[in-house]
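Going left to right, the sequence shown walks through residues 1 to 227 as the working numbering numbers them.
Each residue gets a CB set at the ideal place from its N, CA and C atoms; glycine is no exception.
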Amino acid sequence: MSVSKVITEWYDYAEAKYGDPRTTEYFMMGSPTPLLLTLVSYLFFVTYLGPKLMENRKPYNISNIIKIYNCAQVICNFYLVYMSFELLWFTDSYRYNCLEIDYSDTPLARKRLTLMWLGFMSRLLDLLDTVFFVLRKKFTQVSFLHVYHHLLVVFVGWILAKTLPGGQLAFVGSINSFVHGVMYSYYFLSSCSPQNKWNLWWKKYITQLQLFQFFICIVHSILQLMN
Numbered sequence: 001m002s003v004s005k006v007i008t009e010w011y012d013y014a015e016a017k018y019g020d021p022r023t024t025e026y027f028m029m030g031s032p033t034p035l036l037l038t039l040v041s042y043l044f045f046v047t048y049l050g051p052k053l054m055e056n057r058k059p060y061n062i063s064n065i066i067k068i069y070n071c072a073q074v075i076c077n078f079y080l081v082y083m084s085f086e087l088l089w090f091t092d093s094y095r096y097n098c099l100e101i102d103y104s105d106t107p108l109a110r111k112r113l114t115l116m117w118l119g120f121m122s123r124l125l126d127l128l129d130t131v132f133f134v135l136r137k138k139f140t141q142v143s144f145l146h147v148y149h150h151l152l153v154v155f156v157g158w159i160l161a162k163t164l165p166g167g168q169l170a171f172v173g174s175i176n177s178f179v180h181g182v183m184y185s186y187y188f189l190s191s192c193s194p195q196n197k198w199n200l201w202w203k204k205y206i207t208q209l210q211l212f213q214f215f216i217c218i219v220h221s222i223l224q225l226m227n
């Protein structure tokens, strides 16, 4: 039996046992192939092809594109936070100690599923961060940790959206979206007025906010295990 056949059979088994059949209707969720192709293409471009193409070129001036991108990220992430409150935290079914995943086809369950998918897509959009670094020849920013983080977050995000679309995991997603919204707000304001130093004080608080995010998520996870 070939390796590819073993992998295919293993995936079919895992999808049948753990996958949410409703997710097959969503973009990039029908099979892992589009995801894997995207991640491999991303890795190839940011580590080899991109630096090779930019080797004898000047950095591209894409400041306006980055402004639009940062603004879009702010809107997208804060929208996810807003929808999390509307579909999860401000509903009668919410319990801080245990929010079960609703696998039904009710309108609310479908909206929660869509919310998880949008969360995955927003993390997929984050891959453009690295692409912009390459096009601006900021290769020092393309560190192993940076690339590894983006690959891992997208891959895990796909698995969670595929198998556990909702429940208490949505809390982690909403906190993460809030932090990203604040972070991209800083990037957007900085790109709009790079000469002004008034907005630089944000930076240290963003780092603290990211650390606080990890603390909150760990405490939240411990509470779930205790209950």
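Check Arg57 in the structure and name its three-state DSSP category.
Arg57: coil per DSSP, three-state reduction.
Rounded separation between Phe85 and Ser174 - CA only:
Phe85 and Ser174 have their C-alpha atoms spaced approximately 9 Å apart.
Residue environment, Thr24, which counts as buried when at least 16 other CB atoms sit within 10 Å
Exposed is the call here.
Rounded to the nearest angstrom, what separates Met121 and Leu108 at their Cα positions?
Met121 and Leu108 have their alpha carbons spaced roughly 20 Å apart.
Spatial distance of Phe90 from Tyr82 (CA atoms)
Straight across, the Cα-Cα distance linking Phe90 with Tyr82 is about 10 Å.
Considering only residues of the same chain and omitting the five flanking positions on each side of Ser63, which have a CB-CB separation below 8 Å?
The answer, listed in chain order, is Ser191.
If you draw a straight line from the C-alpha of Phe212 to the C-alpha of Leu152, how long is it?
Cα-Cα distance, rounded: 21 Å.
Report all residues from its chain with a CB closer than 8 Å to the CB of Val147; omit the five preceding and five following residues, and keep chain order.
Excluding residues within five positions, the ones whose Cβ falls inside 8 Å are Leu43, Val46, Thr47, Thr130.
Suppose you measure from the CA of Gln168 to the CA of Gln208; what does that come to, to the nearest Å?
Spanning the two alpha carbons is a distance of roughly 24 Å.
Are the beta-carbon atoms belonging to Asn77 and Gly181 less than 8 Å from one another?
Cβ distance < 8 Å, so Asn77 and Gly181 count as in contact.
In the segment 60-131, which residue ranges form an unbroken alpha helix (DSSP H) of at least 4 residues, counting only runs that do not cross its ends?
Fully enclosed alpha helix (DSSP H) runs of 4 or longer: 63-84, 107-125.
Looking at Gly50 and Thr163, is the spacing between their C-beta atoms short of 8 Å?
No. Outside cutoff.
Near Trp229, which residues of its chain fall below 7 Å by C-beta distance, leaving aside the five closest residues on each side in sequence?
Residue 229 lies beyond the residue range present for the chain, which begins at 1 and ends at 227; the question has no answer from this structure.
Out of curiosity, what's the CA-to-CA distance linking Ile206 and Thr114?
If you take the alpha carbons of Ile206 and Thr114, they lie about 28 Å apart.
Beta carbon of Leu87, beta carbon of Arg112: below 8 Å?
The answer is yes: Cβ separation under 8 Å.
Where does Gln168 fall in DSSP's three states?
Coil at Gln168, not helix or strand.
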